[in-house]
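Encoded as structure tokens, the structure appears first; notes follow it.
In mature numbering (1 follows the signal peptide of the UniProt record, and there is no 0), the protein residues as written are -20 to -1, 1 to 580.
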């Protein structure tokens, strides 16, 4: 037979053996999965005898999984006799001793391995990995730390140690490792913050970080990455003034352009820490007009003052001061496409807070006449102008503007908003049937808020028209709703009370909800809770019931700081109102309040 034929025959034989062994390996795994331990072990043993090195690991793993520790010990020792001092077999033998309860013997093997560790970075990584694969993170860490000593390099293995500390949830060690690592690698500060926020569980963890940072800053005050982390720590603890103080001190010490302060101010606004944000923006403005952030900071300063005033209780003097700020801004920068946003905010302030409807209308008419304004901003200005025209008793002009925005932004959220405003205008003016037709289309809106508003208003109209074809009570209620929209609470309350007197029993839950909305406008949260509880307790099947329950959860969570009651009401949505549009939001808030780390 020719030599080539022999080679082909030999290759075919090896291939056949390899296929057979692979099939046996798959069969053994299937037996193991089915709980047929002995059948699996018999196959693994057969394969191991055919090829020790290739099938040692699956056979060893099977023996350990089936608690056949004596046999596992025997094959580990056999492999060591063939390959003395091989770390893989030493670690495997030590793991068997640990499982047998002989930790001293295991530690003896591991410590000898550490003593004879070579000054070779790749070998050190490999041995540490073998420990980790044998579920021994502690000795993997010891290997890396000893490796640092041998290599005389405290920076090596940083990523590996960080991941091991995260795996062990060793917060102090993780913090210390990051604080050693970040000065030379500041681009990883975001990664450090994300990992710490996922691992830290409360104030004690953040206090530990703060103490460690303050020690580092005392030793190395020029290291700005520590300051950045300290600011982040204060933000996580909602110590907003402290966070700003650190950012201001850093900006003054480094004589920078205040960019770090400006970015922090945005985060402060998102956290509704308006006083701290205002102080930060004022600092940037004092840096002068030449500063790159001057214009943005001045604009954001006024917007933040607006948010502070309109989100809390305010006086007439507060409103007039804010109006003056906006007028000064427009005087300094002019009325152009770059300041249209300020014109919009000023108009809303004048219309809804100061009762200056004519001035607000004129201002927005000027704004919508300015060319080249961003399309979304222009659409928003037109919608707000439509609202003001409605309040100025010009409903026809208002509906033309709403329709224009709807046509120009078909099927988009802002177009759907325009359609909803048109439907509400018809509702306010008593054209209930036309309003309901528009609302029925909007029930499928992409925005949950728009869909929910449309559904509730459509049901309100349908239910009341079915009871009273003249809709006399509903017309009074719509007038009260318009007064609520116009932020005229006293007149709205009088109208709502009149409905109860003139049409006893009509719109009971609706009146309670309207009063709750008025009280929420006035930041009277405790009083609003009383109205909402009456809906939840006395009208559990009303169309406003799930809204009332969800609003109670939101008020207790975000305004009254009563987590227990907030969870109770979110849970009530989940259990009692599974068809509610608030269901997903209720689940999310319930899980977060319960302490779940991730949303399911």
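Backbone N, C-alpha and C define an ideal beta-carbon position, used for all residues, glycine too.
Close beta carbons around residue i, own chain, < 7 Å, minus the five adjacent residues each side
i: residue 52; result: 40, 43, 44 and 76
i: residue 535; result: 505, 508 and 509
i: residue 180; result: 151 and 186
i: residue 480; result: 491
i: residue 208; result: 169
i: residue 475; result: 456, 459, 460 and 463
i: residue 501; result: 467 and 469
i: residue 90; result: 74 and 119
i: residue 575; result: none
i: residue 147; result: 117
i: residue 503; result: 292 and 293
i: residue 145; result: 153, 154 and 157
i: residue 2; result: Here the model assigns residue 2 a pLDDT of 49, short of 50, so the residue's position is not dependable and the matter cannot be decided.
i: residue 511; result: 492, 495, 496 and 499
i: residue 320; result: 347, 350, 353, 357 and 361
i: residue 379; result: 402 and 405
Close beta carbons around residue i, own chain, < 8 Å, minus the five adjacent residues each side
i: residue 563; result: 553, 554 and 557
i: residue 115; result: 75
i: residue 443; result: 523
i: residue 559; result: none
i: residue 267; result: 237, 238, 273 and 274
i: residue 276; result: 242
i: residue 22; result: none
6 Å CB neighbourhood of residue i in its chain, flanking five on each side removed
i: residue 253; result: 220
i: residue 419; result: 403, 434, 437 and 438
i: residue 158; result: 172
i: residue 223; result: 211, 214 and 215
i: residue 217; result: 186
i: residue 142; result: 157
i: residue 73; result: 56
i: residue 382; result: 366, 398, 401 and 402
i: residue 516; result: 528 and 529
i: residue 86; result: 74, 77 and 78
Span of the alpha helix (DSSP H), counted from its first residue to its last, around residue i
i: residue 529; result: 525 to 538
i: residue 225; result: 220 to 234
i: residue 562; result: Neither: residue 562 is in no alpha helix (DSSP H) and is coded neither H nor E.
i: residue 187; result: 183 to 199
i: residue 386; result: 375 to 388
i: residue 261; result: 254 to 266
i: residue 515; result: 505 to 518
i: residue 104; result: 101 to 113
i: residue 163; result: Counting along the chain, residue 163 falls outside any alpha helix (DSSP H), and DSSP gives it neither H nor E.
i: residue 432; result: 428 to 447
i: residue 123; result: 117 to 131
i: residue 61; result: 49 to 62
i: residue 313; result: 296 to 313
i: residue 392; result: Residue 392 -> no alpha helix (DSSP H), and no H or E assigned at all.
i: residue 293; result: Element bounds for residue 293: n/a, residue is neither H nor E.
i: residue 469; result: 469 to 482
i: residue 415; result: 412 to 422
i: residue 246; result: 239 to 250
i: residue 543; result: 543 to 556
i: residue 214; result: 204 to 216
i: residue 173; result: 169 to 179
i: residue 143; result: 138 to 148
i: residue 74; result: 67 to 79
i: residue 273; result: Per DSSP, residue 273 belongs to no alpha helix (DSSP H) and is neither H nor E.
i: residue 269; result: Here residue 269 belongs to no alpha helix (DSSP H), and DSSP marks it neither H nor E.
i: residue 460; result: 452 to 465
i: residue 82; result: No alpha helix (DSSP H) contains residue 82, which DSSP labels as neither H nor E.
Contact test: residue i Cβ vs the ligand PLP heavy atom, cutoff 7 Å
i: residue 22; result: The ligand PLP is not part of the structure shown, which contains no ligands of any sort.
*the segment 451 to 460 in contact with the segment 351 to 361 per 3-pair CB rule at 8 Å*: No, they do not touch.
*Any chance the segment 222 to 240 sits against the segment 189 to 197, with 3 or more Cβ pairs inside 8 Å?*
Contact between the segment 222 to 240 and the segment 189 to 197 is not established, with fewer than three Cβ pairs separated by less than 8 Å.
*Using 8 Å as the threshold, is the segment 369 to 381 in touch with the segment 325 to 340, meaning 3 or more CB pairs across them?*
Between the segment 369 to 381 and the segment 325 to 340, the count of Cβ pairs shorter than 8 Å is three or higher; the stretches touch.
*Does the pairing of the segment 343 to 354 with the segment 385 to 399 give three or more beta-carbon distances under 8 Å?*
Using a C-beta cut-off of 8 Å, the segment 343 to 354 makes no contact with the segment 385 to 399, since fewer than three inter-stretch Cβ pairs fall below that distance.
*Cβ contact check for the segment 300 to 307 and the segment 319 to 339: 3 or more pairs under 8 Å*: Yes: the two stretches touch, three or more of their Cβ pairs being nearer than 8 Å.
*Could you give the uninterrupted runs of the beta strand (DSSP E) lying entirely in the segment 316 to 356, keeping only those of 3 residues or more?*
Within the segment 316 to 356, no beta strand (DSSP E) run of at least 3 residues lies entirely inside it.
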